[in-house]
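To get this note's numbering, take the position in the sequence shown, counting from 1, and add 87. C-beta atoms are modelled at their ideal positions from N, C-alpha and C, and glycine is treated no differently.
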Amino acid sequence: TFHGHPLYYYVGDAAAGSTTGQGLNQFGAKWYLVAPNGSRLETNG
């Protein structure tokens with residue numbers, strides 16, 4: 088969240104903390120979660 092507002096919504100996520108949308112290629116680009124410092128978080132392989 089940022090100042091109490093969620094930054095991430097994805098229909099495939101079932102609960103808080105789910106990251107199903109991480110790394111998906113949709114709407115013409117890949118989507119990633121970001122760390123508090125703004126860097127991209129990637130899935131561990």
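### Query
When DSSP builds the beta bridges, which residues end up paired with Asn-112?
Reading the sequence shown from its first residue, position 25 is the one you call residue 112. BP columns for Asn-112 point to Lys-117.
### Contact belief for Gly-108 with Asp-100 at Cβ below 8 Å, rounded distance in angstroms
Locating residue 108 in the sequence shown gives position 21, counting from the first residue. Locating residue 100 in the sequence shown gives position 13, counting from the first residue. At roughly 7 Å, the Cβ-Cβ gap stays under 8 Å, so Gly-108 and Asp-100 are in contact.
### Message
For Leu-94, list the residues DSSP reports as bridge partners.
### Response
Locating residue 94 in the sequence shown gives position 7, counting from the first residue. Looking at the DSSP assignment, Leu-94 forms no beta bridge with any residue, so it has no partner.
### Message
Quick check: Val-121 and Leu-128, are their CB atoms within less than 9 Å of each other?
### Response
The count along the sequence shown starts at 1 and reaches residue 121 at position 34. The count along the sequence shown starts at 1 and reaches residue 128 at position 41. Yes, these two residues count as a Cβ contact at 9 Å.
### Query
Which residues in the same chain have their Cβ closer than 8 Å to the Cβ of Lys-117, if we skip the five residues on either side of it in sequence?
By one-based count along the sequence shown, residue 117 stands at place 30. Once the five neighbours on either side are set aside, the close Cβ partners of Lys-117 are Gly-110 and Leu-111.
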